[in-house]
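The numbering of the first sequence is our numbering, which starts it at 9 and goes up by one. We put the beta carbon where it would ideally sit given N, CA and C, even for glycine. Note sheet for the following structure.
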Amino acid sequence: MSKVQTPRPIRGTQDIFGADAEAFAFVVETFERVRKLYRFRRVEMPVFEKTEVFARSLGETTDVVSKEMYSFDDRGGESLTLRPEFTAGIARAYLTEGWQQYAPLKVATHGPLFRYERPQKGRYRQFHQIDAEIIGAAEPQADVELLCMADQLLKELGVDDGVTLQLNTLGDADSRDSWRAALLAYFQAVRGELSEDSQERLERNPLRILDSKDPRDQAFVADAPKIDEFLTAEAEDFFGAVTAGLDAAGVKWQRLDKLVRGLDYYRHTAFEFVPDEGSVAANALGSQSTILGGGRYDGLMESLGGAPTPAVGWAAGIERLAMLVGEREPERLDVAIAVEADELVAAAARIAPELRLSGFSVEVVVTGSGRKRYDKAAKLDPAYLVSLQVRDGLAGYSARSQIDDNRETQIEAIIGKHVRL
RNA sequence: GCGAUCGUAGCUCAGUUGGUUAGAGCGCCGGUUUGUGGUACCGGAGGUCGCGGGUUCAACCCCCGUCGAUCGCCCCA
9 MSKVQTPRPI RGTQDIFGAD AEAFAFVVET FERVRKLYRF RRVEMPVFEK
59 TEVFARSLGE TTDVVSKEMY SFDDRGGESL TLRPEFTAGI ARAYLTEGWQ
109 QYAPLKVATH GPLFRYERPQ KGRYRQFHQI DAEIIGAAEP QADVELLCMA
159 DQLLKELGVD DGVTLQLNTL GDADSRDSWR AALLAYFQAV RGELSEDSQE
209 RLERNPLRIL DSKDPRDQAF VADAPKIDEF LTAEAEDFFG AVTAGLDAAG
259 VKWQRLDKLV RGLDYYRHTA FEFVPDEGSV AANALGSQST ILGGGRYDGL
309 MESLGGAPTP AVGWAAGIER LAMLVGEREP ERLDVAIAVE ADELVAAAAR
359 IAPELRLSGF SVEVVVTGSG RKRYDKAAKL DPAYLVSLQV RDGLAGYSAR
409 SQIDDNRETQ IEAIIGKHVR L
C-alpha cells in the first residue's frame with residue numbers, strides 16, 4: 009500500500025493568497041480604472057498562438073524566442089506557443105479580426121504570460137502583466153498619452169516615489185541600422201577585451217552590450233557611438249516632440265541613451281520605469297528592476313504580413329507592481345454572527361442573506377462550543393459582533409458595535425425581525 | 001545553461017563538541033460543569049528531521065549523491 013504522493017506545483021508558478029492576492033487585485037483594479045480614463049478598450053486575448061506569431065515578430069535570435077518559449081505540438085502536429093508577451097498576439101488580432109477599421113485603436117488587457125526561465129525574486133515562469141497598446145497612430149502624441157497613462161497608474165498605485173521614467177529613442181529603421189553597424193565596428197575592434205557574455209552579444213545582439221553590468225565592458229560603453237549621431241532629421245523631430253509633450257504634461261523623465269530593449273521590433277521611443285538605485289523600491293524588487301517597459305514598434309505588422317502600421321505600447325509586471333504596493337489587507341468585516349445555540353441556526357440562515365442583500369459583509373460561526381463560537385467570531389474582527397442565544401427559552405441576541413449609528417440601526421432592524429434584543 | 005545559500009510539525013522557527021523518548025509559538029481538535037465574555041486558561045492530536053548512500057558504538061548534526069526551494073548571473077515584466 010503505497011501512499012499517494014501529492015503532486016508538486018510546477019517550478020516558477022505561484023499560488024497567490026492573502027495579502028499578496030489583495031495587492032495583485034489592487035494593481036489590476038487600479039489599472040482598469042485608469043485605462044477607462046484614457047478610453048482604452050478592453051480586449052481578451054488567447055493564451056496561446058501559433059508559434060510563428062511570436063517567432064516572426066519578436067526576432068528569431070532574441071532570448072525569448074530562442075530559449076524561453078513554452079512551445080508544443082498539438083494533436084494536428086501544429087506548433088503552438090503559450091504567449092510570452094501580449095503585443096504580438098494583439099498585432100495578429102489587429103490583422104486577422106479586421107480591427108484596422110477602428111484605427112487608431114487603443115486597447116488594454118491583462119493576464120498570464122509564460123517564459124521558460126530560472127525563477128527568482130520578481131521573476132516567474134507563469135507571470136502576469138497589464139498591457140496597453142495604441143495601434144495605427146504615427147504621431148508622437150500617442151507616445152505621450154501612453155506614457156502619461158503609465159505615469160498616472162504608478163501614482164495611483166502609490167509606487168511612483170523613487171521610480172524614474174528612463175527614455176530613449178532608437179530612431180527609425182535607417183537610424184537604427186547605421187547605429188548598429190557603428191556599434192558593431194566599435195566593439196569588434198576591442199573584442200578581446202570584452203566580457204565573455206559581451207563577445208557572445210556581439211554575434212547576436214550588439215546593442216545589448218550597452219547595458220552590460222560587467223565592469224570590463226563599461227569602460228568601452230562610455231565611449232561607444234551614440235544613437236544621437238545617427239538620428240535622421242525626422243527621427244530627431246519625433247523624439248523632440250515626445251519629450252516636449254511629456255514636459256507639457258508634467259511627466260518627469262530621464263534620458264538614457266544606452267537604453268535598448270530586448271525585442272527586435274522596437275523603433276523610435278523606448279522606455280522603462282525603473283526604481284532609483286538604493287531606493288526602497290529597488291530593494292523590494294531584488295535584481296529585477298524594470299517594472300514597466302515598452303516603446304514604439306512600427307515594423308511589427310509587416311513581420312506578420314500586414315501593411316506597415318505605426319504602433320506603440322507598454323506592459324508592466326503585476327507581481328513586481330504588487331511587491332511595491334506592499335501589504336494590503338481585505339476590507340474589515342461588517343458583521344460576524346456567533347450562533348451560540350443550535351436552535352438558532354435557522355434564524356442566522358435568514359439574517360445573514362438579508363444583511364448581505366443590504367450590502368453588509370457577513371460571516372456566520374456555527375461550529376464548536378458556544379464559547380468557542382464567540383471567540384471565533386471575535387477573531388474575525390468585525391465592526392459589528394452579534395451573539396445569538398436562547399435565554400429563558402426565548403431567542404435573543406446581544407451585540408458589540410463599532411459601526412456608525414446609522415448602519416447599526418439598519419443591522420439591528422434586520423436581526424430584530426428574527427430574534428429579540 | 002552557470003553560481004551561491006538553504007531543506008526539522010499544516011505555518012514561522014529553536015535544537016548544545018555527534019549522546020536517552022526532537023521542542024516552542026501560531027493554527028487545528030477537546031475541555032474550562034449556560035458564560036453578556038475574551039480576543040483568556042488547561043489539555044490533546046500532529047514529525048520515517050526532503051530522499052538515498054557513507055563515516056561512527058551512536059547522525060537532525062559530519063561526508064558524498066540526488067530532488068526541491070530561495071537568491072544571483074544571463075535575459076526580462
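A Cβ-Cβ distance of about 7 Å is found for the pair Asp28 and Ala330, placing them in contact under the 8 Å criterion. DSSP places Pro223 in the uninterrupted alpha helix (DSSP H) bounded by 223-230. The DSSP assignment places 326-333, 353-365 as complete runs of the alpha helix (DSSP H) inside the region 322-370, in order along the chain (cut-off: 4 residues).
Between Ala189 and Phe48, the C-beta gap is not smaller than 7 Å, which leaves the two residues out of contact.
Beta-carbon to beta-carbon, Ala158 and Trp322 are separated by about 6 Å, close enough to satisfy the 8 Å threshold.
Assigned with DSSP and collapsed to three states, Lys114 falls in strand. Boundaries of the alpha helix (DSSP H) around Ser65: 59-66. Nearest to Gln22 by C-alpha distance, out of Leu66, Trp107, Pro127, Gln13, is Pro127.
In terms of Cα proximity to Thr95, the closest of Ile143, Leu88, Arg131 is Ile143. Ser287 sits in coil when the DSSP states are folded into three classes, being neither helix nor strand. In the structure shown, the three-state DSSP call for Tyr274 is coil. By the C-beta criterion, the region 338-356 is judged to be in contact with the region 390-399, since at least 3 inter-stretch pairs fall below 8 Å.
Listed in chain order, the non-local C-beta contacts of Pro148 below 7 Å within the same chain comprise Phe246, Ala249, Val250, Gly253, local neighbours out to five positions each way being set aside. Taking every protein chain shown into account, the CB of Glu208 has fewer than 16 other CB atoms within 10 angstroms, so this residue is exposed. The beta carbon of Pro214 sits closer than 7 Å to the beta carbons of Arg188, Leu191, Leu192, Phe195 from its chain, once the five residues preceding and following it are set aside; these are given in chain order.
CA-CA distance, Asn414 to Pro361, rounds to 19 Å. Separation of Glu76 and Val55 (C-alpha to C-alpha, rounded to the nearest whole angstrom) is 16 Å. Leu218 is the residue among Glu337, Leu341, Ile235, Leu218 whose C-alpha sits nearest the C-alpha of Val229. DSSP, reduced to helix, strand and coil, places Leu121 within a strand of the structure shown.
Listed as beta-bridge partners of Ile143 by DSSP are Leu113, Ala319. When the five nearest sequence neighbours on each side are left out, no beta carbon in the same chain lies closer than 6 Å to the beta carbon of Gln13. Here the region 96-113 makes contact with the region 301-317; the two share three or more CB pairs at distances below 8 Å. In the structure shown, Val373 falls within a strand segment according to DSSP collapsed to helix, strand and coil.
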